[in-house]
Amino acid sequence: MAALQWFVNLGASVMLPVLLFIFALILRIKPGKAFKAGLTVGVGFVGLNLVISLLTKNLRPAAQAMVKNFGLHLTSIDIGWPAASAIAYGTVLGSLAIPVGVIANVILLLVGLTKTLDVDVWNYWHIAFTGSLVYVVTHDFALGLFTMIVHVMLIYLLADLAAPTVQKYYGLEGISFPQGASAPGFLMALPLNWLFDRIPGINKVKITPETVQKRMGVFGDSTVIGLVIGLVIGALAHYSVAKTLQLGVNTAAVLLLMPRMVSLLMEGLTPISEGANAFVQKRFPGRDLYIGMDSALAVGQQAVLSSALILVPLTLLIAVILPSNTVLPFGDLATIPFMIAVMAAVFRGDILRTILGGIVDIVVSLYIASWVAPLVTAAAKGAHFSLQGNSSISVLSDGGTWTTLLVVSLGKLISWGGIGLIGIVVLGLMIWQNKFRKTATTASDKK
Numbered sequence: 001m002a003a004l005q006w007f008v009n010l011g012a013s014v015m016l017p018v019l020l021f022i023f024a025l026i027l028r029i030k031p032g033k034a035f036k037a038g039l040t041v042g043v044g045f046v047g048l049n050l051v052i053s054l055l056t057k058n059l060r061p062a063a064q065a066m067v068k069n070f071g072l073h074l075t076s077i078d079i080g081w082p083a084a085s086a087i088a089y090g091t092v093l094g095s096l097a098i099p100v101g102v103i104a105n106v107i108l109l110l111v112g113l114t115k116t117l118d119v120d121v122w123n124y125w126h127i128a129f130t131g132s133l134v135y136v137v138t139h140d141f142a143l144g145l146f147t148m149i150v151h152v153m154l155i156y157l158l159a160d161l162a163a164p165t166v167q168k169y170y171g172l173e174g175i176s177f178p179q180g181a182s183a184p185g186f187l188m189a190l191p192l193n194w195l196f197d198r199i200p201g202i203n204k205v206k207i208t209p210e211t212v213q214k215r216m217g218v219f220g221d222s223t224v225i226g227l228v229i230g231l232v233i234g235a236l237a238h239y240s241v242a243k244t245l246q247l248g249v250n251t252a253a254v255l256l257l258m259p260r261m262v263s264l265l266m267e268g269l270t271p272i273s274e275g276a277n278a279f280v281q282k283r284f285p286g287r288d289l290y291i292g293m294d295s296a297l298a299v300g301q302q303a304v305l306s307s308a309l310i311l312v313p314l315t316l317l318i319a320v321i322l323p324s325n326t327v328l329p330f331g332d333l334a335t336i337p338f339m340i341a342v343m344a345a346v347f348r349g350d351i352l353r354t355i356l357g358g359i360v361d362i363v364v365s366l367y368i369a370s371w372v373a374p375l376v377t378a379a380a381k382g383a384h385f386s387l388q389g390n391s392s393i394s395v396l397s398d399g400g401t402w403t404t405l406l407v408v409s410l411g412k413l414i415s416w417g418g419i420g421l422i423g424i425v426v427l428g429l430m431i432w433q434n435k436f437r438k439t440a441t442t443a444s445d446k447k
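Position one of the sequence shown corresponds to residue 1 (full-length UniProt numbering), numbered consecutively onward.
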């Protein structure tokens, strides 16, 4: 277990190349090609993390300044996903999350109930998070363990359902996003998109990065849009002219560099994805295989980044005016691109719909994060995590997803019966989906 934790702690830039190299060799890809593909993915993640760090480094101080300017005084601080993952892995259940996730993934793949081969094992912290919260409310270790199994099944179901949409919009062939903060957005975006199609005005307007650039010329370019958004955020933060200009240029840099880092990642993933599907088709005709990756692959898309940056000040405004909200958005403001990544694919890159859908998501997330705050605080104390003087903490991303509400509330109210009910429904949907896929494939073959 200690060796596994040591390997995970190396980070995605080291861990993923190793896992992908081994996976590529299993797929009979030539060692040289496999090594280069894995290394390219690692280099891409280093570049992606540098750009995300640039975004975080610039957004957090601006957000802090806006919080002060808006006069926000809320009781629970949003600590952000890095701190939440540390709490999740630091609890009594956290150390078991990765083995539980890997074993569940292998079993589901073998019996044909998922298409996703999840190589992004770091993100099993999402199930460690919910498992730990259920343990906090029930004090039942076995139930917390069972919660992690059911939650990871739900994530794989959502990843498989969203994969065709994600692949089509982002051009990520053979990729799915089994990421706990992004995958739930798929089921939230579907009814919202149906509603937007029926609202006069919205159903006639299509604002995408392409249409914006076509109509506005150079002023519609992603870097110029990034500059403008950065200048607006700087103004709202009451920055000096110099700091506002610096923020604008840095924001423009993020919008320019992020897609290029994602392209580098995809350069390494493409041969492995192609090899995986060739391997599966040869041995399991009619079945597809998705490589489960972090939704960071999507956050570099212009519609996602532009919408997310606009949502940053809107999130703070919503937190002020939302009745009964107790959470002060802070740590996860830079995580908004991940929260809306799958939603943007459902909206086909429409910036207006993504912003409106993001507003709905933020409202729901703030209410759920407010409800879950006492549990997150208790879990943090159990993991010996420093609250840094805060009496109450929460997390906007994972603490605010509908999946967290579903799992934790039913675990709290009905204990084993609640989690078992979710498990039965998810398993039934997986079986139905698998049967549907087989039937569709058979019918297609007959034609």
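We put the CB at the ideal spot given by N, CA and C, even for glycine.
Residue i, DSSP secondary structure in three states
i, result
"residue 415", "coil"
"residue 361", "helix"
"residue 27", "coil"
"residue 393", "strand"
"residue 76", "strand"
"residue 289", "coil"
"residue 208", "coil"
"residue 16", "helix"
"residue 176", "strand"
"residue 116", "strand"
"residue 161", "helix"
"residue 387", "coil"
"residue 322", "coil"
"residue 425", "helix"
"residue 10", "coil"
"residue 327", "strand"
"residue 169", "helix"
"residue 433", "helix"
"residue 338", "helix"
"residue 240", "coil"
"residue 201", "coil"
"residue 191", "helix"
"residue 409", "helix"
Buried or exposed (CB count within 10 angstroms, at least 16 for buried), residue i
i, result
"residue 332", "buried"
"residue 32", "exposed"
"residue 282", "exposed"
"residue 321", "exposed"
"residue 472", "Residue 472 cannot be examined here, being either before or after the span of the chain that is shown, 1 to 447."
"residue 53", "exposed"
"residue 493", "Beyond the ends of the chain as shown, which are 1 and 447, falls residue 493; an answer cannot be given."
"residue 9", "exposed"
"residue 325", "buried"
"residue 444", "Summary for residue 444: the model assigns pLDDT 41, below 50, so the residue's position carries little reliability; its value from the coordinates is reported in the next sentence. Residue 444 comes out exposed."
"residue 174", "buried"
"residue 386", "exposed"
"residue 353", "buried"
"residue 139", "exposed"
"residue 218", "exposed"
"residue 286", "exposed"
"residue 199", "exposed"
"residue 469", "The requested residue 469 is not part of the displayed model; the chain covers only 1 to 447."
"residue 178", "buried"
"residue 371", "buried"
"residue 222", "buried"
"residue 428", "exposed"
Cβ separation of residue i and residue j, assumed to be a contact under 8 Å, to the nearest whole Å
i, j, result
"residue 126", "residue 181", "7 Å"
"residue 248", "residue 231", "4 Å"
"residue 351", "residue 312", "With 8 Å as the limit, residue 351 and residue 312 do not qualify as a contact, their Cβ atoms being about 15 Å apart."
"residue 132", "residue 379", "5 Å"
"residue 163", "residue 206", "In fact, because the Cβ distance is near 24 Å, the residues do not count as touching under 8 Å."
"residue 384", "residue 90", "7 Å"
Beta-carbon proximity check, residue i vs residue j, cutoff 8 Å
i, j, result
"residue 452", "residue 328", "Residue coverage of the chain in this structure runs from 1 to 447, which leaves residue 452 outside it and unanswerable."
"residue 264", "residue 47", "yes"
"residue 410", "residue 418", "yes"
"residue 292", "residue 106", "no"
"residue 226", "residue 252", "yes"
"residue 65", "residue 290", "no"
"residue 149", "residue 121", "no"
"residue 346", "residue 186", "yes"
"residue 147", "residue 407", "yes"
"residue 375", "residue 136", "yes"
Proximity test, residue i beta-carbon vs the ligand NAP heavy atom, cut-off 7 Å
i, result
"residue 106", "No copy of the ligand NAP occurs in the structure displayed, which carries no ligand at all."
Top-ranked residue by Cα proximity to residue i, from the options
i, options, result
"residue 197", "318, 427, 415 and 357", "357"
"residue 389", "396, 397, 383 and 377", "377"
"residue 183", "103, 379 and 298", "298"
"residue 34", "19, 44 and 45", "19"
"residue 278", "192, 185 and 24", "24"
"residue 257", "228, 287 and 301", "301"
"residue 81", "304, 406, 75 and 393", "393"
"residue 267", "17, 159 and 3", "17"
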